[in-house]
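In what follows, a single structure is set out as structure tokens and then discussed.
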Amino acid sequence: MAFDFVDALVGGIMLGISATVLMLFNGKTAGISGIVSGLIPPRVGDILWRVLFVLGMAIGGVIGATFHHIDTPEMYSENTYVVLLAGLLVGIGTKLANGCTSGHGIVGIGRLSKRSMVATGIFMLSAIITYNLLYVI
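Taking the working numbering, the leading residue of the sequence shown gets 11, the next gets one more, and so forth.
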């Protein structure tokens, strides 16, 4: 499926609205790494909104793929240990950066946080360098 500017714009607006609603009505930041890490270990009275947020993301993805006929990528066929190591490194990175791309990139930049602007810039620069090392060079 080719890139569609309108879909990207609508998706961005929906992300912004959901982050704003979560902040206004729940006082929470919509950073997925923080939301998921708050489930492990679960804290009494702080579980339901986290579970609903993660379920909403999954259901939204299924709905989008179903109604927009999005081509989903094939399963990653590389070494399982490499995939697990990569996931572990991402988790460590989000702890070191005090948040992930959603927390810093959507909420932090929206709040004009200098720390989030720097973190998001580093995330993007790292992605560009990694892509070029893996696929261009």
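All residues carry an ideal CB built from backbone N, CA and C; glycine is no exception.
Item to check | CB-CB length for G113 against G41, believed under 8 Å | outcome: 2 Å
Checklist entry - From R125, L122, G118, T111, pick the residue whose C-alpha is nearest to that of A137; which is it? => result T111
Item to check | Beta-carbon gap between V46 and V72 smaller than 8 Å | outcome: no
Next on the checklist: Beta-carbon within less than 6 Å of F133's beta-carbon, same chain only, minus the 5 sequence neighbours each way: which residues are those?
Outcome noted: T111
Checklist entry - Applying the criterion that 16 or more other CB atoms from any shown protein chain within 10 Å of the CB defines a buried residue, is V117 buried or exposed? => result buried
Checklist entry - Within 10 angstroms of its Cβ, does T76 collect 16 or more other Cβ (buried), or is it exposed? => result exposed
Checklist entry - Any idea if A96 is buried or exposed, counting beta-carbon neighbours within 10 angstroms, 16 or more meaning buried? => result exposed
Next on the checklist: Using 8 Å for Cβ pairs, my map puts S43 next to G109. What's the rounded Cβ distance?
Outcome noted: 7 Å
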